[in-house]
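Report on the following structure.
Residue numbers (my numbering): 252 to 948.
Written out as structure tokens, the structure is:
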């Protein structure tokens, strides 16, 4: 099939990502742009029976001139086309209800000389606001194909595909005459780099130091040229923006009509009076969070039970069909237990990502960021810090990447350091197991799940500790500059099911395969370490159990398995660190799980599953039940409220994620801040666990 390359570009909240999801469906993948940690979404769309399109979803930007790393990616992508293959088509997605602001980016992209299609989105919202367009006149004024679409419902998608397949050739034209304001500079750069667009040449004159396509020699050449002709870059950019808006105003006057009497969109403002109210707004947000965590526990119970029963049946089938020996133990206790530790928590993670996607799709998440901005300022965080902190509920890695939009280094660094304190989805498996040990499964007031209330409490505790830590860092760190939080509220919309499902599948797939690979490998490694021991240790352990069989009250098989586990490599390793963790209530078994969890927090459950399936004769028991049935030397339950709570606090505050440390290293360009972050979070976790255990034991 013939392949064409299509890039989607547009303002934030213009519907660009919805269009991308509609075109590509689940046929998409996530990566990074070369040299940066900004997410790159690419996908494949079938345009016709013989033509496919490789589609890239560029980050949202208001202008070609970058102010953040996200916008820098767009600038780099457009300028790198000088050295690489151009996209066959650039689709500029525009919010029809805010045409004036959206057209600024369009005029800049058009002046760069790319083949452009204008996708006019959200016409239904514009009509509700009393705005109507003469689309024929608009196409004539802009001199590009204009396609009316609705990225949420799919209206006009076939017309857009047809426009991509059969592009219309238009005579090159410019909205801004670059040569008239910087003629000698533009002429030289065009000849020097064989550029056909005046505006691309002017863009390099303005931003040659920030582009990645030029060598140091070429940058020095342009700098000398700019200095020679006394080119005032900031002044010219300001004048250019004014000139473009003057042109845009004239175009809008010809193609758009607005009837103020039809302002039906005012219902959005009426809702915002309550949703963003200085008191009721926070109450509503708290209620939304409360319902989310209640639902995560209540709705996921049935599918989790089904998955648990399925693995119990699978283990039983393997036990019945295979002879006793190392191979059966390896499959049952190493592989199957590890897989169960991954898959059993997919329902809860699915519901979490579903709620986050719904909040983003509906437009409510933007209101949350606006409200929380007022609080964040008091603790040394930018209003833009709200985005990473909320994203941290899903995963700290992309959340830390999202700090690139924060303009001052001090505010960005504080956000990076405290974001991992937000409880990410990787902690859900740990919270689920340990809350089940501490909190009985009962309802409050007949409808509220007590475990769900506890889960929300731990999320709020993580957030509270994040802003307290930020306040201390605000005092300690020195830095100048102040950023401003500016956000355009999108109108409220019904979440589109396809976009929500696509987001859920993408995130769950990442969790399952990325975390799953780690968990499975560590589970197998743990099985080996828990099955074999140094020298004659295993034989000696077996001999001791045989000698004590007459006095021991436990079944022989259980005592033998427990003794062998203690004598194994894993047992020796756990006992080595046990003196350090004993004051916070942990034994050598928990010590093994703590160390392996540094690969990823989710590994804790797989580790405990492996340890207790090796040390427990009843393989079909779940991890929680296995832990609940553990007893101390006096025969009392081992996982008391004090010990389970101490373990919960440790996992709430500790930096147990190598991926997060790696991305912090990449974002801060060194190991100084990752090591500081790791140290203070470990001390915070240990101190909190120590106080809790000593108080409640």
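From the three backbone atoms N, C-alpha and C, an ideal C-beta is built for every residue, glycine too.
Out of 256, 618, 628 and 682, the CA that lies nearest to the CA of residue 665 is found in 628. The DSSP assignment places no complete run of the beta strand (DSSP E) inside the region 600-639 (cut-off: 3 residues). Under the DSSP assignment, residue 303 falls outside any alpha helix (DSSP H), being part of the beta strand (DSSP E) whose first and last residues are 302-308. Exposed is the label assigned to residue 922, since fewer than 16 other Cβ atoms lie within 10 Å of its Cβ.
Listed in chain order, the non-local C-beta contacts of residue 377 below 6 Å within the same chain comprise 347 and 348, local neighbours out to five positions each way being set aside.
The C-alpha of residue 567 lies about 12 Å from the C-alpha of residue 559. Pairwise C-beta distances place the region 383-403 in contact with the region 356-368, as three or more of them are shorter than 8 Å. Within the region 355-418, the runs of alpha helix (DSSP H) at least 4 residues long that lie entirely inside it are, in chain order, 374-379, 386-393 and 408-416.
The three-state reading of DSSP puts residue 342 in strand, counting E and B together. Just so you know, the alpha carbons of residue 463 and residue 325 end up roughly 12 Å apart. When C-alpha distances from residue 425 are compared across 449, 391 and 441, the shortest belongs to 449.
For residue 460 and residue 453, the gap between their C-alpha atoms comes out near 13 Å. In this structure, residue 941 sits near residue 834, with a CB-CB distance shorter than 7 Å. Residue 792 is a Cβ neighbour of residue 818, given a cutoff of 7 Å.
Taking 7 Å as the cut-off, the Cβ atoms of residue 687 and residue 875 count as close.
For residue 253, the enclosing beta strand (DSSP E) stretches over residues 253-261. Residue environment for residue 885: exposed (fewer than 16 other C-beta atoms within 10 angstroms of its C-beta). In this structure, DSSP gives residue 437 a helical state, which the three-state scheme calls helix. Collapsing the DSSP output to three states places residue 529 in coil. Boundaries for residue 322: no beta strand (DSSP E) harbours it, while the alpha helix (DSSP H) harbouring it runs 320-331, taken from the DSSP string. Per DSSP, the unbroken beta strand (DSSP E) holding residue 508 starts and ends at 507-509.
Pairing residue 704 with residue 689, the inter-Cα distance amounts to about 13 Å. Counting only residues of its own chain and dropping the five nearest sequence neighbours on each side, residue 545 has a CB closer than 7 Å to the CB of 699, 700 and 703. Under the three-state reduction of DSSP, residue 685 is assigned to helix. In the DSSP annotation of this structure, residue 465 is not part of any alpha helix (DSSP H), being labelled neither H nor E. Excluding five sequence positions before and after residue 685, the CB atoms of its chain that fall closer than 7 Å to its own CB belong to 895, 898 and 899, given in chain order. A buried status is given to residue 415, since no fewer than 16 other beta-carbon atoms sit within 10 Å of its beta-carbon. When rounded, the separation of the alpha-carbon atoms in residue 615 and residue 621 is 10 Å.
Taking the Cβ atoms as the reference, residue 267 lies roughly 4 Å from residue 261, within the contact range of under 8 Å. Within the region 531-597, not a single complete beta strand (DSSP E) segment reaches 3 residues in length. Each residue's CA atom was taken as its position, placing residue 257 and residue 337 some 9 Å apart. Of the residues assessed, residue 252 falls on the exposed side of the cut-off, its CB having fewer than 16 other CB atoms within 10 angstroms.
Here DSSP, grouped into helix, strand and coil, assigns residue 297 to strand. DSSP places residue 449 in the uninterrupted alpha helix (DSSP H) bounded by 449-458. Taken through DSSP and simplified to helix, strand or coil, residue 353 comes out as helix.
Inclusion of residue 307 and residue 296 in the CB contact set at 7 Å is not warranted, their separation being larger than that value.
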